[in-house]
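In the UniProt record's numbering, the protein residues as written are 1 to 189.
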């Protein structure tokens, strides 16, 4: 019988918290059981295996990121939408590095996968930013990939302590946003 109050959602939430604390690569069912105060076999009443837990963490994380991004972008367009997206994205990665790693480590399981659904919404948010710059539909895939790569790369490097020289990385992030903004405006003309 599962522990009273322990549910699949609680196991996934605790797994996400643990991934943020110790790193996604270090996540294990044993450590999660310890965090929850149960024996490891008790987790298998809620989650089939570590791979399923990791995928559920990715789906949770992408849904959280999607909500944060859409809320930040609401009512903004052009440069303001780009800045809102960039800051919401960067803030999420900084606050939840383990969860963000889960997103990038998980594949889609099928057309009904919640990870696929929320990933599509994030891509739609990026596309909305780009439409505000007048990016043609024919260039949309390239532009979406470019923005994703730029912000992903910066956020991951910053989260891993990858900027070891002088100066505030946040200043560089702002500079990058301005650089991308100027480039998008020139393409959309």
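Glycine included, each C-beta is placed from N, C-alpha and C at the ideal position.
For residue j and residue i, the rounded distance between their alpha carbons
| i | j | result |
| --- | --- | --- |
| residue 47 | residue 69 | 29 Å |
| residue 30 | residue 39 | 8 Å |
| residue 14 | residue 82 | 32 Å |
| residue 132 | residue 79 | 8 Å |
| residue 109 | residue 138 | 28 Å |
| residue 149 | residue 128 | 17 Å |
| residue 11 | residue 95 | 20 Å |
Three-state secondary structure assigned by DSSP to residue i
| i | result |
| --- | --- |
| residue 7 | coil |
| residue 124 | helix |
| residue 118 | helix |
| residue 111 | coil |
| residue 48 | coil |
When the options are compared against residue i, the one with the closest alpha-carbon
| i | options | result |
| --- | --- | --- |
| residue 105 | 10, 175, 178, 19 | 19 |
| residue 9 | 60, 42, 101, 148 | 60 |
| residue 52 | 97, 96, 114, 37 | 114 |
Chain-order list of residues whose beta-carbon lies under 7 Å from that of residue i (same chain, five-residue window excluded)
| i | result |
| --- | --- |
| residue 102 | 19, 24, 54, 57, 58, 61 |
| residue 181 | 79, 82 |
Extent of the continuous alpha helix (DSSP H) to which residue i belongs
| i | result |
| --- | --- |
| residue 163 | Residue 163 -> no alpha helix (DSSP H), and no H or E assigned at all. |
| residue 43 | 40-43 |
| residue 103 | 97-105 |
Contact set for residue i: own chain, Cβ-Cβ below 6 Å, skip 5 residues either direction
| i | result |
| --- | --- |
| residue 84 | 72, 73, 76 |
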